[in-house]
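Q: Dumping the structure here so I can ask a few things about it.
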Ligand SMILES: [Zn+2]
Ligand SMILES: [Zn+2]
């Protein structure tokens, strides 16, 4: 299994960094987790957007789904005439998304095969979901293939059941939006995001083998967040950046 970071900026894009989007590949299958604003451009550095086999949207905040709108143009209109099958699109609440898409897309069903979030099989992957603590319906994702596993927190505040959900993953992709505890800033507002220390604590308690911290806002010191998470985790910790590839 291979993870490629397409975009990783938290809440809004930075210069040269798109919002959340992660490509997970195994056995030739391309599963995309989130497609935030700016990510469709970056995605083309790694594959033809028509060759994405399934797309999971963790939640309907713009930094996780807005580029689904231009994707609806990029898939069916290439001048070479090759039009892919409708893209399986897993989304927590299809209503708002399809309302927006219908303004741009005449035949939505020809472009997307919209499906609800549910545990199951997507291509070669066994995929499980767990509701997070975030202002809109949001799902953390656990992806497994051939004995390897990856967890993605999506957006969440600290939530004890997620520790068990991510138990023993080979790689935890954890949001680390807020500054670490020892920055002595005001405590983060409840029910929104992890701070960098909590991202490390998740990885430590879940027994993850490796940690990638992500969803760090462009105004933050990424290395400071990474180092704080690593200090708590005690294991190998990488900061997400565009085009980062991790094989697991
Ligand atoms: Zn977000
Ligand atoms: Zn969010």
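Residue numbers (our numbering): -4 to 243. Beta carbons: idealized from backbone N, C-alpha and C, even for Gly. None of these values were measured; they are calculated from a predicted model.
May I ask you to list the residues that DSSP assigns as paired with residue 18?
A: Position 23 of the chain shown, counted from the start, is the residue given in the question as residue 18. Bridge partners of residue 18: -1 and 27.
Q: Return the CA-CA distance between residue 160 and residue 230, expressed in angstroms with no decimal places.
A: As a first step, residue 160 is located in the chain shown; it is residue number 165 there, counting from the start. As a first step, residue 230 is located in the chain shown; it is residue number 235 there, counting from the start. Each residue's Cα considered, the two are about 19 Å apart.
Q: Within the present structure, is the beta-carbon of residue 5 separated from the nearest heavy atom of ligand 1 by less than 7 Å?
A: The count along the chain shown starts at 1 and reaches residue 5 at position 10. The answer is yes for residue 5.
Q: Quick check: does the Cβ of residue 176 come within less than 7 Å of any heavy atom belonging to ligand 2?
A: Taking the chain shown and counting its residues from 1, one reaches residue 176 at position 181. No, since every heavy atom of ligand 2 falls outside the 7 Å radius drawn around the Cβ of residue 176.
Q: Going straight from the alpha carbon of residue 21 to that of residue 145, what length do you get?
A: Along the chain shown, read from residue 1 onward, the residue named residue 21 stands at position 26. Along the chain shown, read from residue 1 onward, the residue named residue 145 stands at position 150. If you take the alpha carbons of residue 21 and residue 145, they lie about 12 Å apart.
Q: Give me whichever residues DSSP pairs with residue 187 in a beta bridge.
A: Counted from its first residue, the chain shown places residue 187 at position 192. DSSP lists no partner for residue 187.
Q: Please report the distance separating the alpha-carbon of residue 139 from that of residue 122.
A: Counted from its first residue, the chain shown places residue 139 at position 144. Counted from its first residue, the chain shown places residue 122 at position 127. For residue 139 and residue 122, the distance between alpha carbons rounds to 7 Å.
Q: Starting from residue 168, follow its DSSP beta bridges and name the residues at the other end.
A: In the chain shown, the residue the question calls residue 168 occupies position 173. Answer is 147 and 207.
Q: Counting only the same chain and skipping the five closest in sequence on each side, list residues whose C-beta sits under 6 Å from that of residue 6.
A: Indexing the chain shown from 1 puts residue 6 at position 11. So the qualifying residues of the chain are 58 and 212.
Q: Taking 7 Å as the cut-off, is the beta-carbon of residue 16 closer than that to any non-hydrogen atom of ligand 4?
A: Only ligand 1 and ligand 2 can be found as ligands here, which leaves ligand 4 out of the picture.
Q: Would you report the Cα separation of residue 236 and residue 207, rounded to the nearest angstrom?
A: For the purposes of this step, residue 236 is taken as residue 241 along the chain shown, with counting starting at 1. For the purposes of this step, residue 207 is taken as residue 212 along the chain shown, with counting starting at 1. Going by the C-alpha atoms only, they are around 10 Å apart.
Q: Determine the DSSP secondary structure at residue 125, reduced to helix, strand or coil.
A: Reading the chain shown from its first residue, position 130 is the one you call residue 125. Three-state result, residue 125: strand.
Q: Along the chain, where does the beta strand (DSSP E) that runs through residue 83 open and close?
A: For this step, residue 83 is matched to residue 88 along the chain shown. First-last of the beta strand (DSSP E) with residue 83: 82 to 85.
Q: Ordered along the chain, which non-local residues of its own chain (more than five positions away) have a Cβ less than 7 Å from that of residue 108?
A: Here residue 108 corresponds to residue number 113 of the chain shown, with the count starting at 1. Cβ within range, chain order: 81, 82, 83 and 84.
Q: With a threshold of 8 Å, are at least 3 pairs of Cβ atoms found where one atom belongs to the stretch 21 to 33 and the other to the stretch 41 to 56?
A: Counting Cβ pairs under 8 Å, three or more are found: they touch.
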